[in-house]
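Engineer: So that we are looking at the same thing, I have put the structure below in structure tokens.
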Amino acid sequence: MFVSLAVVTVLMSALLLISAGAKSLRTPHITQQMSTLGVPQRMMAFLIGAQIAGAAGVIAGLWWGPVGIAAAIGLTFYFAGAVAFHLRVGDRKGASPAAVLAMASVALIVLRAATL
Numbered sequence: 025m026f027v028s029l030a031v032v033t034v035l036m037s038a039l040l041l042i043s044a045g046a047k048s049l050r051t052p053h054i055t056q057q058m059s060t061l062g063v064p065q066r067m068m069a070f071l072i073g074a075q076i077a078g079a080a081g082v083i084a085g086l087w088w089g090p091v092g093i094a095a096a097i098g099l100t101f102y103f104a105g106a107v108a109f110h111l112r113v114g115d116r117k118g119a120s121p122a123a124v125l126a127m128a129s130v131a132l133i134v135l136r137a138a139t140l
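Each position in the sequence shown, counted from 1, maps to that position plus 24 in this note's numbering.
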């Protein structure tokens, strides 16, 4: 089961870091999407930091389980919020990836708890 945890952890961390990188570059696609969702530009640094911290936390959680669980709980809330923001503006297409990542975060919680 630890191998499954490690694979999901590495994939989630890679996705988080790619997303944080895209947000930090403020590409037109990301800027337009955040504007559509009603996310103020001043929140971008917080979102980038949350993604980087989440990636670091789940990686650290491979060695110290409680940190991994805490990080995965934070990511679950982060992505649940993303789903809510997408649905609030009627963007069902954009809500789907966030929902999948929320479920992957829950899977990290379950897998890490099972391997403690």
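Glycine included, C-beta positions come from ideal geometry on N, C-alpha and C.
For Leu140, which of helix, strand or coil comes out of DSSP?
Structural biologist: Leu140: coil per DSSP, three-state reduction.
Engineer: Can you give the beta carbon distance from Ala96 to Ser43, rounded, assuming they're within the 8 angstroms contact cut?
Structural biologist: Rounded, the Cβ-Cβ distance is 16 angstroms, inconsistent with contact.
Engineer: Which ranges does the alpha helix (DSSP H) cover as unbroken runs of at least 4 residues, wholly within the region 59-92, from first to last along the chain?
Structural biologist: Those alpha helix (DSSP H) runs which fall completely within the region 59-92 and span 4+ residues are 68-84.
Engineer: Assuming Gly78 contacts Leu40 under a Cβ cut-off of 8 angstroms, what Cβ separation, rounded to an integer in Å, is found between them?
Structural biologist: Rounded, the Cβ-Cβ distance is 6 angstroms, consistent with contact.
Engineer: Using three-state DSSP, classify Gly98 as helix, strand or coil.
Structural biologist: Looking at Gly98 - three-state DSSP - the assignment turns out to be helix.
Engineer: Please report the residue range of the alpha helix (DSSP H) in which Thr33 lies.
Structural biologist: Unbroken alpha helix (DSSP H) run through Thr33: 26-49.
Engineer: DSSP on Gly105, reduced to helix/strand/coil?
Structural biologist: If DSSP states are grouped into helix, strand and coil, Gly105 belongs with the helices.
Engineer: Measuring straight from C-alpha to C-alpha, what distance separates Ala126 and Phe101?
Structural biologist: Roughly 8 angstroms separates the two Cα atoms.
Engineer: Where does Val113 fall in DSSP's three states?
Structural biologist: Here Val113 sits in coil by DSSP.
Engineer: When we look at the beta-carbon of Thr51 and count the other beta-carbons within 10 Å, is it buried (16 or more) or exposed?
Structural biologist: So Thr51 ends up on the exposed side.
Engineer: Within 10 angstroms of its Cβ, does Val32 collect 16 or more other Cβ (buried), or is it exposed?
Structural biologist: Its Cβ being crowded by 16 or more others within 10 Å, Val32 is buried.
Engineer: Do you know how far the Cα of Val124 is from the Cα of Leu86?
Structural biologist: Each residue's Cα considered, the two are about 22 angstroms apart.
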